[in-house]
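In this text, residue positions in the sequence shown follow this note's numbering: the first is 4, and each later residue adds one.
Idealized CB from N, CA, C, for every residue including glycine.
In what follows, a structure is listed as structure tokens, so that the remarks can point back to it.
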Amino acid sequence: MEITLGAARVNADLTQKEVVEILREKYDIEITRQKLAYYEKDSTDLPISLAKALTNIYSISEENIFFGSKSTLSYICKGEKTVSVQL
Numbered sequence: 004m005e006i007t008l009g010a011a012r013v014n015a016d017l018t019q020k021e022v023v024e025i026l027r028e029k030y031d032i033e034i035t036r037q038k039l040a041y042y043e044k045d046s047t048d049l050p051i052s053l054a055k056a057l058t059n060i061y062s063i064s065e066e067n068i069f070f071g072s073k074s075t076l077s078y079i080c081k082g083e084k085t086v087s088v089q090l
């Protein structure tokens, strides 16, 4: 299942500010919190180096991240019923 960058960050229990600091200190990538927020909403033009750094920080495979402007996530809840959520 693919999730958005924002969901991956939340799952990693990190704030946008913390991610920006980690990117700067560990990966030498300069990005503003506002730009990170933009990429969380629309990761269509996300640089590959930033995508790799974020997946490392979030401890998630690139194959499990949705890269685009919208994601429809499906999940199983209460038995066999499938519910779609538009993000």
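Rounded C-beta distance between residue i and residue j? I'm assuming under 8 Å.
{"i": "I68", "j": "L8", "result": "6 Å"}
{"i": "S52", "j": "I34", "result": "Their Cβ separation, rounded to whole angstroms, is 11 Å, which puts S52 and I34 out of contact at 8 Å."}
{"i": "V23", "j": "L39", "result": "6 Å"}
{"i": "A56", "j": "Y30", "result": "4 Å"}
Closer than 6 Å by C-beta to residue i: which residues in its own chain qualify, once you throw out the five before and the five after it? Chain order, please.
{"i": "A15", "result": "Y61"}
{"i": "E43", "result": "L8 and G9"}
By Cβ distance below 8 Å, which residues in the same chain neighbour residue i in space, the five residues on each side in sequence not counted?
{"i": "T47", "result": "F70, G71 and S72"}
{"i": "R36", "result": "Q19, K20 and V23"}
Rounded to whole angstroms, what is the Cα-Cα separation between residue i and residue j?
{"i": "E66", "j": "L26", "result": "21 Å"}
{"i": "D45", "j": "T58", "result": "16 Å"}
{"i": "E5", "j": "Y41", "result": "18 Å"}
{"i": "V13", "j": "E28", "result": "20 Å"}
Given residue i, which residues of its chain have a CB within under 7 Å of its CB, disregarding the five upstream and five downstream residues?
{"i": "I63", "result": "A11"}
By DSSP's criteria, residue i is part of a beta bridge. Which residues make up the other side?
{"i": "I25", "result": "Answer is none; I25 lacks a bridge partner."}
{"i": "I6", "result": "I68"}
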